Structure formats: structure tokens, C-alpha cells
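*Asks:* Below is the structure I would like to discuss, written out as C-alpha cells.
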Amino acid sequence: ETGVTQTPRHLVMGMTNKKSLKCEQHLGHNAMYWYKQSAKKPLELMFVYNFKEQTENNSVPSRFSPECPNSSHLFLHLHTLQPEDSALYLCASSQGLGTGMDIQYFGAGTRLSVL
Amino acid sequence: KQEVTQIPAALSVPEGENLVLNCSFTDSAIYNLQWFRQDPGKGLTSLLLIQSSQREQTSGRLNASLDKSSGRSTLYIAASQPGDSATYLCAVSPYTGANSKLTFGKGITLSVRP
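Next comes the structure, spelled out in C-alpha cells:
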């Protein structure tokens, strides 16, 4: 285990459903990240939070809504998704400013399928 | 805009071979470069991190080198084993401080045949 736990590991949802992804880190870090990994594409950074404040929104559609209630927990709320949103969603955490210069520790991901 | 390229996308080798995985990037103004390993259905595990001022880093059978001026890095795996089968990704961090983000390559899927 890496110290970053993501649930659920797999999720199948319809386009009209509302669901949430959860990430918890046990490493005492202050920054947390959401990434999207689609087939045959590089990892894409979605959101960054540092000390619960959002510091990066990489032009993500509003159907993805992040929430960071504290430095240890990060959620990604999903609603009215599209089939092209099917991907592996990875959470990461780091100790630092929440920039690319930090060493990031990744969770195992949630495999999302949108029907 | 930084772009990271990893070619080939997949590689299959017999057990015991020494092999080199390549990574190239377009903007040499980087802070560091990392190599990650990703097993199927799993997250990323950091293998090696090279600061921009360094030329190489070693961990066990792995050696990563960095030639910043030419925009290249290689990951050398000695005496490959079936357990090395995974996808290897490289990522670079820009030297711009706040609001910077890692740029990843698409990865190289390695299969080591027994």
C-alpha cells in the first residue's frame, strides 16, 4: 500500500447518475491531486488542492466537481457524465506547495465506466 | 508547451536481457524528471527522480540518466526479470515554481518473457 487509498476501485454508472470518488491519504501531506488516465493518452492533471484550497483547475468540465474538506481527504463528485469520461482516475498527494516539483504518491485509482 | 515522448509504446524481451527505455522532452527548462512504474489496474510508483543538476540516479538494477540539453532521459534495467513487466512512465517538472505541473509521457509497456 502506498498510503493513498481510493474507493471504489471500480465504478460503472449511467450518464444520468450521480456518484462520488473518494481519496484518503495517510502520509501527513498537505497537497492532493486528481488525475485522469485515458487509454493511449498521457496522464492529465485535473485539480490540485493545497491545505484544502484549490490551486489548480486544468479546464475541467463542470460535470466533475472536486471537494477537499481537509488535507487528508479528497472527493470527486460526478454527474451527467459522458462515455468519453470513462478512464482511470488517480489521486495523489505530496508534501510541499502542490506543484510539479513535489514528489507525488499515487493511489491505485478508480476505474470508471460510463454507459 | 512541454511534450514528453516515449517510444516504442510496447516492448517485449526475453528474461535476462539488459534493456534501455527512452524518454524525450521538448523543453529543457525542467526542475526534475521522474520515472514511474504502473502495474495493470494499479497506481503509479515512483522509481527514480533526477534533479536537473544531476546526470543519473541508481536504485538496484535500475539506472536513470538525464541529458537536459538534448532533452533526453533513459531508464536502464539490468538483467530483466518477468516481475519487471509493467508500464514505465516518465514525467518532467517545469522550472516555474507555483502552479507548475508534471507532464507525463504515454508510457512504455514492457513484457519480460520467462
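Residue numbers (the working numbering), protein chains in the order written: chain R, 1 to 115; chain W, 1001 to 1114. Each residue gets a CB set at the ideal place from its N, CA and C atoms; glycine is no exception. Just so you know, these numbers come straight off a predicted model, no measurement behind them.
Using the Cα positions of R:P42 and R:S62, report the straight-line distance between them to the nearest angstrom.
*Replies:* 21 Å
*Asks:* Once the 5 residues before and after W:T1087 are set aside, which same chain residues still bring their CB inside 6 Å of it?
*Replies:* Q1038, G1107 and T1109
*Asks:* Using a Cβ-Cβ cut-off of less than 8 Å, give me the residues of the region 23-56 of chain R that come near chain W, in sequence order.
*Replies:* Residues are counted here when their Cβ sits less than 8 Å from a Cβ of chain W; for the region 23-56 of chain R these are K40, K41, P42, L43, L45, V48, T55 and E56, given in chain order.
*Asks:* Could you tell me whether the region 67-80 of chain R touches the region 13-27 of chain R, using the rule of 3 or more Cβ pairs below 8 Å?
*Replies:* yes
*Asks:* Can you have a look at R:V4 and say buried or exposed, based on whether 16 or more other CB atoms are within 10 angstroms of its CB?
*Replies:* Around the Cβ of R:V4, a 10 Å sphere holds 16 or more other Cβ atoms; the residue is buried.
*Asks:* From W:S1069 to R:T110, what does the alpha carbon distance come to, in whole angstroms?
*Replies:* Approximately 37 Å between the Cα atoms of the pair.
*Asks:* Does the beta carbon of W:S1046 sit closer than 8 Å to a beta carbon anywhere in chain R?
*Replies:* At least one CB atom of chain R sits nearer than 8 Å to the CB of W:S1046.
*Asks:* Looking only at its own chain, which residues have a Cβ that is under 6 Å from the Cβ of W:E1017, when we skip the five neighbours before and after it?
*Replies:* S1080
*Asks:* Could you check whether the region 93-110 of chain R touches the region 4-13 of chain R, counting it as contact only if at least three pairs of C-beta atoms, one from each stretch, sit closer than 8 Å?
*Replies:* Between the region 93-110 of chain R and the region 4-13 of chain R, the count of Cβ pairs shorter than 8 Å is three or higher; the stretches touch.
*Asks:* Counting only beta-carbon separations shorter than 8 Å, does W:L1066 have a partner in chain R?
*Replies:* no
*Asks:* Within the same chain, show all residues whose beta-carbon is closer than 6 Å to that of W:L1049, passing over the 5 residues directly before and after it, in chain order.
*Replies:* N1032 and Q1034
*Asks:* Output yes if chain W places a C-beta closer than 8 Å to the C-beta of R:G96; else output no.
*Replies:* no
*Asks:* With W:F1036 and W:G1071 assumed to form a contact (beta carbons below 8 Å), what rounded beta-carbon distance in angstroms separates them?
*Replies:* Contact flag wrong, Cβ pair sits at about 19 Å.
*Asks:* Could you tell me which of W:S1085, W:G1060, W:S1028 and W:R1113 sits nearest to W:S1093, measuring between CA atoms?
*Replies:* W:S1028
*Asks:* How is the beta strand (DSSP E) around W:Y1088 delimited, first residue to last?
*Replies:* Taken as a continuous stretch (DSSP letters only), the beta strand (DSSP E) holding W:Y1088 covers A1086 to P1094.
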